[in-house]
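Right, one structure below, let's go through it.
Residue numbers (this note's numbering), protein chains in the order written: chain A, 25 to 590; chain B, 25 to 590.
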């Protein structure tokens, strides 16, 4: 490809919004261009990269017997109603009606569409298992898009769905997909962690996110020192250290407390005790049912809202309570009691069992309770894990330290079980001739996000350093001929020779100064830069520089081909 | 691929709705499955075919320097407002809003998106021309879907857009695309006609539809005997034969006419004269402006509404007038006058000049006018071509007979001129450093419709007969082993051998009777059926049958490979 003909120019100016390396370089290099926030054009260079990523995923999916197909983009909304996903918050579904009044969803994932297709067939246990997959546009009506391709409102996803007779068969597939995903990200040049995660709006019992460690990522996860426990912060289990269980039980008392003592900082100062000795209450409202939830936890820990939603079976519905909500249970900010409010539910964290003689729990203007003991003075409906893990905490058995990491979720695998097949009554005929609901799994990879993550991992201060497997072109040929027609001709012939050999080459045939050409080559990031200039011709050589290395080398044409073909 | 694992079974039952061969066989063969009307799943077999069609188009587009990219699916509606296409009827645009209230269109074509992208760059005349293309989902909110993939509400289209400094440069590209399209359809196994057509809702001055002759098609077009004039019915020019111009002019008269004389049939009977001697008025209403239009034409001809819309610059807005509309200009059905009504516009067809002494034009209950002469007794604002051509009519020069044909529009190429670049002010810098608006073209191919048209051309009473270039598999291998494990093993080994040679093979390894396997092979329509059975093994041969031929042959393995590799 001649760079003079390439649509989508590089640009030097950078808006201040482009804080993330992948966002900045993919924009500057002419790979993508934003239409409106979170919706991207893939320009010729960018689509070349995306197509290569797609091809790698396709090869790996095919190699394990998954079959490619595709659903319509518009999903009949009635299917989403069958599974109650039209109301599920957290999943930002876009809907529209056609001129005949039929309602459709712009799919965020395609479980309903696939299950509706599959249940239309007479399928026997002999036909199982099978997995079908697609690359298709997905839509998420996110409130905020950020970081270029890292979080967008429209993207291409490889989503696949497997159908099984039972859990045993599914588990084999889950393992196969685990390995397949690991291989895919490896081929894309990335080490991935399979992170035990919350299944969110998808349904089912367990799932794993594949996360690539990276500062630009939004996924927080923990890895135990032995790397055997890899877990998302929303499901991370950890040991709550005992604080003072050897202390003697004291009598519950209401004591005077100065009016200025309000916050967690205030009480620590006033009592000169660590945060772990105090009770903390955090209030939420379920925005669907309007129930008020009070979560009680040890003062040095934070509530993990996702964990709380999970134990209450209120996925995606809790929001911070406001003054009006607090008033509805007869209290106000800073005065929430750890017991006794009516018209609300109380949930306690496991940490309540690690402290004797808590301070707090019944704060009034000039008094509070002390020597409060969980189980003796109050006890909640549930005592469960609703706390946020932190870097340096230990695994439940206390043996391994947990290291906190940040990364980008580049893929995920879900156990769905019979979540969808039961709601949509999708059945096969088992060996006894009876109808049985499918046991299912689903597996996703966002293509654009992978592309951005590769750039996050492979860049320097000059631009992108593409791994060869996904580079838009293998070779960036730079001709420096000036006005010399003989040299120009020689370069042109060499360009054709490379193309005839089937080597993907971007040929910078533009009339501009060499410095600008080199800067563009660094920005675009093809793995091998090859320069032909009066100097190289004089020496009878060619200049070869790997994008990932500092030094260039003068090589013969024969050496170059040998190198490129290795 | 093992057929036992293939997702998407063949089906024998056919709903009465499946009247069109492609609809029936693509459904029965397990290529596609309808979700809701006009929205299709492409199953693994169908997507294989679609991918091959896509690849052929991609190769041909790349070979002429077009560059692949892709736009978002959701188009900001404000862009469509810039070109006034939100209101244009005929184009059934779907729209929706996101949670922040931003409005989007589900693109039917992507001119606005592409022009918005291009105008964001500093482009110089040196960068021109260029053409960019995409394969993307397109949405049309059609009132009626029909014929399977022939007319759908959602489909993948290859749409491309070229940008030029001037018309001269564009015309070269138009010719290149004409040839490219001809080549593409040839590679897909189809002879296409480049049919001069109406440019409809796209804008611009001229365009050509590529049409494949086929009974299931909806495009009516005419081909002159010498095949030099190939034209869509909506723009077909033809000679209006003189009827009686040698007759003497007679005096205009109002005469009595029996009350039963109402229709065109009635007047012919009453006056015993051919339809061509009568005046006919057809009334329309512009549903945007509510203007009433009366089109007057010779009694033996029909109005072509599209032509009428074009001359009035009212594309896609005319509808048949109803009783209320007629009342609004003081008349009623059957009593429309060829002159004299107020609050309406009159348009006359060229045919009004081919008759002397027309009968009709001022019908009342018991009277009508006779000896009416156009130009003498009445004359309209315009006298233009608004008539429907018919089979057997002659070209304007009277030399070539026009043959009427039906076909499927498999692609189209449009001159857009400065239609979009002026409305959206998209400019480049010309050689004098001045801003100049682009001269544009656009070019479309519907992938699914091409797939269906191929099936329309290549099928018999047993199923599809795929051309090799787009067949889902080259070879359909049928194993007939029964319970014989030795034969089974031999077939399995042969299957692996074919796969290892890189031959695309669908291997029917299912346990079912040979007759059903043969029927499925005919239905699915792979080009070569290869059978291994106890009989062939005994002879040391393999049975080879081409899907398009009646006879099977016994060949050696060597002969088979030689044949398949030719």
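All C-beta atoms in this analysis are idealised placements derived from N, C-alpha and C, irrespective of residue type, glycine included.
Asked: Top-ranked residue by Cα proximity to residue 593/A, from 407/A, 265/A and 170/A; Found: Absent from the structure is residue 593/A, since the part of chain A shown begins at 25 and ends at 590.
Asked: Partners in chain A for residue 454/B, counting only beta-carbon separations shorter than 8 Å; Found: Correct list: empty, because the minimum Cβ distance to chain A is about 18 Å.
Asked: CB contact below 7 Å: residue 551/A versus chain B; Found: no
Asked: Contacts that residue 57/B makes with chain A (C-beta to C-beta distance below 8 Å); Found: 141 and 144
Asked: Residue 532/B - partner residues in DSSP beta bridges; Found: 502/B
Asked: Strand pairing of residue 51/B, partner residues [DSSP]; Found: DSSP output for residue 51/B lists no bridge partner at all.
Asked: Any C-beta of chain A under 7 Å from that of residue 148/B; Found: no
Asked: Cutoff 7 Å: residue 60/A Cβ touching any chain B Cβ; Found: yes
Asked: Residue 158/A versus residue 86/A: straight-line alpha-carbon distance, rounded; Found: 11 Å
Asked: Proximity of residue 172/B and residue 47/B at Cβ, strictly below 7 Å; Found: yes
Asked: Separation of residue 529/B from residue 523/B, as counted between CA atoms; Found: 7 Å
Asked: Contact with chain A by residue 71/B, beta-carbon distance below 7 Å; Found: yes
Asked: Interface flag, residue 488/A vs chain B, CB-CB below 7 Å; Found: no
Asked: CB contact below 7 Å: residue 313/A versus chain B; Found: no
Asked: Cβ-based neighbour list, residue 504/A, same chain, cut-off 6 Å, excluding 5 preceding and 5 following; Found: 538 and 557
Asked: Residue 262/B (DSSP reduced to helix, strand or coil); Found: coil
Asked: C-beta contact flag for residue 54/B and residue 37/B at 7 Å; Found: no
Asked: Sequence-distant residues of its chain with Cβ nearer than 8 Å to residue 108/A (five each side left out); Found: 447
Asked: Beta-carbon contacts of residue 201/A that lie in its chain and below 6 Å, excluding the five residues immediately before and after; Found: 437 and 467
Asked: Proximal residues of chain B, C-beta to C-beta of residue 154/A below 8 Å; Found: 29 and 31
Asked: Neighbouring residues, chain A, relative to residue 210/B (Cβ below 8 Å); Found: Within 8 Å Cβ-Cβ: nothing; residue 210/B doesn't reach chain A, min ~25 Å.
Asked: Whole runs of the beta strand (DSSP E) within the stretch 374-443 of chain A, excluding any shorter than 3 residues; Found: 391-394, 406-408 and 426-441
Asked: Nearest-angstrom Cα separation, counted from residue 374/B out to residue 304/B; Found: 13 Å
Asked: Straight-line gap, residue 380/A to residue 323/A (C-alpha atoms, nearest Å); Found: 13 Å
Asked: Test: residue 93/A CB closer than 7 Å to a CB of chain B; Found: yes
Asked: Same chain, Cβ closer than 8 Å to residue 442/B, five either side skipped, listed in chain order; Found: 461, 462, 463 and 464
Asked: Delimiting residues of the beta strand (DSSP E) encompassing residue 465/B; Found: 463-470
Asked: Nearest-angstrom beta carbon gap, residue 307/B and residue 336/B [assumed within contact, 8 Å]; Found: Actually they are not in contact, since the Cβ atoms of residue 336/B and residue 307/B sit about 14 Å apart, beyond 8 Å.
Asked: Below-7 Å beta-carbon distance, residue 298/B vs any chain A residue; Found: no
Asked: C-beta atoms of residue 586/A and residue 576/A nearer than 7 Å; Found: no
Asked: Contacting residues, own chain, Cβ-Cβ under 8 Å from residue 366/B (five flanking each side not counted); Found: 353 and 354
Asked: Extent of the continuous beta strand (DSSP E) to which residue 42/B belongs; Found: Unbroken run through residue 42/B: none, as it is neither H nor E.
Asked: First through last residue of the alpha helix (DSSP H) which encompasses residue 518/A; Found: 509-524
Asked: C-beta contact flag for residue 429/A and residue 247/A at 7 Å; Found: yes
Asked: Euclidean distance between Cα positions of residue 573/A and residue 453/B; Found: 39 Å
Asked: Inter-residue Cα distance where the pair is residue 27/A and residue 326/B; Found: 55 Å
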